[in-house]
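Heads up, my numbering is the position in the sequence shown plus 4, with the first residue counted as 1.
Read the structure below first, then the notes.
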Amino acid sequence: MTGKWLNISLIEDFFYTLLKSDKLGKVVVGTKLPDTLDKNARRITLVDIGRVRDRVGYGSGIVLVFLFSKSAGNGEKNVPVMEEMEEFLRTKVAESRHEHYNISRDSTYQDYHSTYDMHCNVVEINLTII
5 MTGKWLNISL IEDFFYTLLK SDKLGKVVVG TKLPDTLDKN ARRITLVDIG
55 RVRDRVGYGS GIVLVFLFSK SAGNGEKNVP VMEEMEEFLR TKVAESRHEH
105 YNISRDSTYQ DYHSTYDMHC NVVEINLTII
């Protein structure tokens, strides 16, 4: 029975607990980076819980994980840092075991946040709630 496990706040807590690590920097749960974040941060991870659907008997959803890393000194993407962040996320998703949440990695695309001067890889995570 899915019941309370469909609650976004419980899903947010699951992902925050799963991903909290120095390898990902500050982990923020929400739909955007707060204005109060340190603009000199080297790494930030934003977890955006998209739509959660009740499918009668199980639930499903999409979670977007934004992996931000500060640009290299020349303004280019800091590929070694981004690779470390992506690999940490890949490992955490693969090793995740939860009684009610099954997750799998889907697509990845790039982005850039000019306010923070951070390159970003956005990883889409499929969520099944049982």
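Glycine included, each C-beta is placed from N, C-alpha and C at the ideal position.
Measuring alpha carbon to alpha carbon, tell me which residue in the options is nearest residue i.
i: L68; options: V97, I133, I129; result: I129
i: E103; options: A45, T132, I66; result: T132
i: Y116; options: P84, V85, S75, V127; result: S75
i: F92; options: R109, Y105, D42, R59; result: R109
i: Y62; options: V126, W9, T119, M122; result: W9
i: K27; options: V85, L14, D42, K43; result: V85
Starting from residue i and walking both ways along the beta strand (DSSP E), at which residues does that stretch end?
i: K74; result: 63-74
i: D52; result: 47-58
i: D110; result: 105-117
Let me confirm a value: residue i is counted as buried when at least 16 other C-beta atoms fall within 10 Å, else exposed. Which label applies?
i: N78; result: exposed
Which residue comes first and which comes last in the alpha helix (DSSP H) that contains residue i?
i: I134; result: Per DSSP, I134 belongs to no alpha helix (DSSP H) and is neither H nor E.
i: K96; result: 83-99
Taking Cβ to Cβ, would you say residue i is nearer than 7 Å to residue j?
i: R47; j: G29; result: yes
i: I12; j: I66; result: no
i: F19; j: V51; result: yes
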